[in-house]
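Q: The structure that follows is given in the form of structure tokens.
Here it is in structure tokens:
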């Protein structure tokens, strides 16, 4: 099950395909850490893949595309007692 949630809200109208950065969005309030679910279920192994797949979609004109994937990660680890 994939759960959808907002990662930000635009502060003004944004045209399709426009650049989005921190001046364009406001962030929702983060939930308390103790309310977040823990990932404890170990998935069953999958059978070996026998053919190629493509996780995308076909457009009406026959071309194909993929959805944008957003990865959020830390880039700086600050330490006060180094």
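Numbering (the UniProt record's numbering), first residue to last: 1 to 82.
Note that CB positions come from ideal geometry on N, CA and C, so glycine has one too.
These numbers were taken from a predicted model, which means no experiment stands behind them.
(1) Helix, strand or coil for residue 35 per DSSP?
(2) Report back the beta-carbon spacing between residue 56 and residue 64 to the nearest angstrom; my notes put them in contact at under 8 Å.
(3) Roughly how many angstroms lie between the CA atoms of residue 28 and residue 4, to the nearest whole one?
(4) Between the C-alpha atoms of residue 17 and residue 10, what's the straight-line distance to the nearest angstrom?
(5) Rounded to whole angstroms, what is the Cα-Cα separation between residue 6 and residue 32?
(6) Go ahead and pull the three-state DSSP assignment for residue 12.
A: Taking the structure as given:
(1) Reduced to three states, the DSSP call for residue 35 is helix.
(2) About 5 Å separates the two Cβ atoms, so the contact holds.
(3) Those two C-alpha atoms are separated by around 14 Å.
(4) Our two residues, residue 17 and residue 10, have alpha carbons roughly 14 Å apart in a direct line.
(5) Spanning the two alpha carbons is a distance of roughly 16 Å.
(6) Residue 12 falls in the coil class under three-state DSSP.
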